[in-house]
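Novice: Numbered per UniProt numbering, the sequence shown finishes at 385, counting up by one with no gaps. Structure in structure tokens, see below.
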Amino acid sequence: PPQPTAMLNDLLTIDEEKVTYESENNKGVKETKDVLLNENDDLWCELRHMHIADVITLLSDRIREFVGTNGGAQLAQNSGNDMSLTEMATALKQLPEYRETMAKLSQHMHLAHKCMDVFGKLGLLELSEIEQTLATGTDADGKAPKAKALVDNLIDTLAGVTSRESAIRLIMIYIISQQGITEDDRRRLFSAAGLNESEQSKILNLEKMGVTLQQSKAPSKSFSSMFRSKRVKSTGRADKDSEYAMSRYVSNFKGLIEQLVEDKLSIEDYPSILPLPEGGGSSSMGSARSVRRGKDSGGDSKASNSRWGGTSAAESSNSTNPKDLANRKFTGGRQIVFQVGGVSHSEIRAGYEVMAGNKGGKEVIVGSTSFIKPAEYLDYVGSLS
């Protein structure tokens, strides 16, 4: 889904926590700015996993509220002219007592709009809708499209895609979702996208990851996804996300974490490396073998710095700031999910969503060998030998 963390890493220049962008100052002169986005920025912690549309709405409301209650009306009166919200915000940034707050709000608003600008220029809205249909097996109306119509739509879309990465990713998703495609369809898709030999090899290398590239039988009129996806439910946090057609897909990773916190994870597929206590559930194991230092599983989440190289989903909250976490209690044990080979920012977000929705008070920590950006993932697949 289009949320700030994923969009920044996919669309803008970001180095670890530092984002570099160009903007105009009050005199109309362009200048380069470096911004640190980390746990020290409470506003960033609040926004980073929200849908980008909700981010822009929230920031607009905050700026409007701040301007309205902190001298905006007086500024307009003193100027003798009607001032727009942007003009008032700019004027308030010049006042020492309001400078820091307005600068922070304006900074995040600028980054959000910057992401949306790139998103629009690359035509990612249409691509995202197609990707969601491929991954879920149904369109925004819940209907399964016919295979032939879908292929024709893909070919038309690929012909207008300017981003090579987007084209490669779209074809990859199509092949995976169909559990392979015909040789004829593959040639048509490669031709429509104008892929060179190196770019084609990235797609063909999916076979080295266990993906079926070519169908053994003729495709059926309609298709189903191999992702075992589900439509976003109308309960809990999924309610809000289901309003957006681009956020329908629920990853296998999220389903795995849901099984873990609900004590439904298969012991055959994920055997314990230690003897399970009586009951054998993941919650009892978590309580008995909490990794907190000096605290039991019901202790303060701030007590341990152990992150397995990852990010606590508790700290990836879209509504909870790090300062609030000091008083948060987890009574159901700590669940650690470590994904070898890399984890995406959307999967980190899934960890938070599961933790926020589980009734057992379980903390979820997501870790991995690396945090993967889309372009990096394509390079990794292309380098397989």
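Built from N, CA and C at the ideal position, the CB exists for glycine as well. No experiment lies behind these values; they were computed from the predicted model shown.
Quick check on K18: does DSSP put it in helix, strand or coil?
Specialist: Under the three-state reduction of DSSP, K18 is assigned to strand.
Novice: Throw me the rounded Cβ distance for the I365 and V343 pair, which I believe falls under 8 angstroms.
Specialist: Contact flag wrong, Cβ pair sits at about 12 angstroms.
Novice: For F253 versus V337, is the C-beta distance shorter than 9 angstroms?
Specialist: yes
Novice: With distances taken from CA atoms, which of S383, E347, G382 is nearest G367?
Specialist: E347
Novice: Please name the residue in G351, V261, I267, A356 whose C-alpha comes closest to that of G333.
Specialist: V261
Novice: Taking the continuous alpha helix (DSSP H) assigned at G68, which residues delimit it?
Specialist: 52-69
Novice: In this structure, does DSSP put F371 in helix, strand or coil?
Specialist: strand
Novice: Might you give, ordered along the chain, the residues of its own chain that have their beta carbon closer than 7 angstroms to the beta carbon of K104, omitting 5 neighbours on each side?
Specialist: L43
Novice: Which residues in the same chain as I168 place their Cβ atom closer than 8 angstroms to its Cβ, once the five residues preceding and following it in sequence are excluded?
Specialist: These residues qualify, in order along the chain: A193, L195, E199, K202, I203, L378.
Novice: Taking the alpha-carbon of I14 as reference, which of G28, S23, V35 has the nearest alpha-carbon?
Specialist: V35
Novice: Quick check on the burial criterion: 16 or more other C-beta atoms within 10 angstroms. Buried or exposed for Q214?
Specialist: exposed
Novice: Would you mind reading off the limits of the beta strand (DSSP E) that contains V35?
Specialist: 30-36
Novice: Counting only the same chain and skipping the five closest in sequence on each side, list residues whose C-beta sits under 6 angstroms from that of Q259.
Specialist: L265
Novice: Alpha carbon to alpha carbon, how far is I63 from T69? Give it in angstroms, no decimals.
Specialist: 10 angstroms
Novice: Count the other CB atoms within 10 Å of the CB of I257; is the residue buried (16 or more) or exposed (fewer)?
Specialist: buried
Novice: Counting C-beta neighbours from all protein chains within 10 Å, is the total for V19 16 or more, i.e. buried, or is it exposed?
Specialist: Counting Cβ neighbours within 10 Å, V19 comes out buried, since at least 16 surround it.
Novice: Need the endpoints of the beta strand (DSSP E) that Q349 sits in, please.
Specialist: According to the sequence provided, residue 349 is Arg. The question's Gln does not apply to it. For R349, no beta strand (DSSP E) encloses it; the enclosing alpha helix (DSSP H) starts and ends at 345-357.
Novice: If we ignore side chains and look at the alpha-carbon of each, how far apart do Q3 and L111 end up?
Specialist: 12 angstroms
Novice: How many Å lie between K146 and D139 at the Cα?
Specialist: 11 angstroms
Novice: Whole angstroms is fine: what's the gap from E100's alpha carbon to S106's?
Specialist: Cα to Cα, E100 sits roughly 10 angstroms from S106.
Novice: Give me the residue from Y98, A159, V151, D152 with the minimum Cα distance to L122.
Specialist: A159
Novice: Given a threshold of 16 other Cβ atoms within 10 Å of its Cβ, counted over all protein chains shown, does I181 qualify as buried or as exposed?
Specialist: By the neighbour-count rule (16 or more Cβ atoms within 10 Å), I181 is buried.
Novice: In or out: I130 buried (at least 16 other Cβ within 10 Å) or exposed?
Specialist: buried
Novice: Counting C-beta neighbours from all protein chains within 10 Å, is the total for D117 16 or more, i.e. buried, or is it exposed?
Specialist: Within a 10 Å sphere around the beta-carbon of D117 sit fewer than 16 other beta-carbons, which makes this residue exposed.
Novice: Just to confirm my understanding: we take T212, look at its own chain, exclude 5 residues before and 5 after, and list those with CB closer than 7 angstroms. What are they?
Specialist: Q179, G180
Novice: Would you call the CB atoms of R248 and T5 closer than 9 angstroms?
Specialist: no
Novice: As an exercise, report each continuous alpha helix (DSSP H) stretch of at least 4 residues that is fully enclosed by the stretch 119-156, in chain order.
Specialist: 124-136
Novice: Taking the alpha carbon of G255 as the point to measure from, which residue in D41, R48, G351, D61 has its own alpha carbon closest?
Specialist: G351
Novice: What's the gap between the Cα of L206 and the Cα of D185?
Specialist: Those two C-alpha atoms are separated by around 17 angstroms.
Novice: So, at 8 angstroms on beta carbons, what are the nonlocal neighbours of Y21 in its own chain, with the 5 sequence-adjacent residues on each side left out?
Specialist: L12, T13, T32, K33, V35, H110, L111, K114
Novice: With a threshold of 16 other CB atoms inside 10 Å of the CB of G309, please say whether the residue is buried or exposed.
Specialist: Any reading at G309 is ruled out, since the residue's pLDDT is 31, under 50, leaving its predicted position unreliable.
Novice: Pull up the DSSP beta-bridge partners for Q339, would you.
Specialist: S368
Novice: Nearest CA to the CA of G210: which residue from I175, K329, R187, P271?
Specialist: I175
Novice: Could you give the residue range of the alpha helix (DSSP H) that holds F190?
Specialist: Element bounds for F190: 183-193.
Novice: Could you compute how far the alpha carbon of R188 sits from the alpha carbon of I273?
Specialist: 48 angstroms
Novice: Sorted by chain position, which residues of the same chain lie with C-beta nearer than 6 angstroms to V381's C-beta, five sequence neighbours on each side aside?
Specialist: K202, N205
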